[in-house]
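Participant: Got a structure for you, written out below as structure tokens; questions coming shortly.
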Amino acid sequence: TRCEIKNLNSIRYIVQAIDYEAQRQIKILESGGEISQDTLLFDVTLGKTKVMRSKENSSDYRYFPEPDLLPVEISQDKIDSIKSS
């Protein structure tokens, strides 16, 4: 599932948004929830993301693959190893 974060106009805000969003999504998944496809706004005052709008499917993002980036594939063994550590 993809989330898109808006209002990131500095490297510092990018780092803060990624850190916050990673923790937010981990909490959702650990509690048995699912991550919804949303466009999020990063509120620099609160240091949090807020939902601007939900996406029905990935085509709503008008996503274009980056030709210079290779896909990252993580084996189930690696995932299990990380979970158990």
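Just so you know, the sequence shown maps onto residues 2 to 86 in the numbering used here. The beta carbon of each residue, even a glycine, is placed where N, CA and C say it ideally should be. None of the values given here were measured: they were computed from a predicted structure.
Output the distance between the C-alpha atoms of Leu47 and Arg3, rounded to the nearest integer angstrom.
Facilitator: To locate residue 47, count along the sequence shown from 1; it is residue 46. To locate residue 3, count along the sequence shown from 1; it is residue 2. If I take the Cα positions, the gap works out to 22 Å.
Participant: Tell me where the alpha helix (DSSP H) around Leu30 begins and ends.
Facilitator: The residue labelled residue 30 in the question sits at position 29 within the sequence shown. Element bounds for Leu30: Ile12 to Glu31.
Participant: Assign Ala18 to buried or exposed, taking buried as 16 or more other Cβ atoms, counted over all protein chains shown, within 10 Å of its Cβ.
Facilitator: Translated into positions along the sequence shown, residue 18 becomes position 17. It is buried - the Cβ of Ala18 has at least 16 other Cβ atoms within 10 Å.
Participant: What is the residue span of the beta strand (DSSP E) that Ser55 lies within?
Facilitator: Mapped onto the sequence shown, residue 55 falls at position 54. Where Ser55 is concerned, the enclosing beta strand (DSSP E) stretches over Lys49 to Ser55.
Participant: Starting from Asp44, trace the beta strand (DSSP E) both ways and give me its first and last residue.
Facilitator: In the sequence shown, residue 44 corresponds to position 43, counting from 1. Per DSSP, Asp44 belongs to the beta strand (DSSP E) from Asp39 to Asp44.
Participant: For the structure I just gave you, are there three or more beta carbon pairs, one from the region 39-46 and one from the region 6-21, closer than 8 Å?
Facilitator: yes
Participant: Could you tell me which residues DSSP pairs with Ile6 in its beta bridges?
Facilitator: Along the sequence shown, one-based indexing puts residue 6 at 5. Its beta-bridge partners are Leu41.
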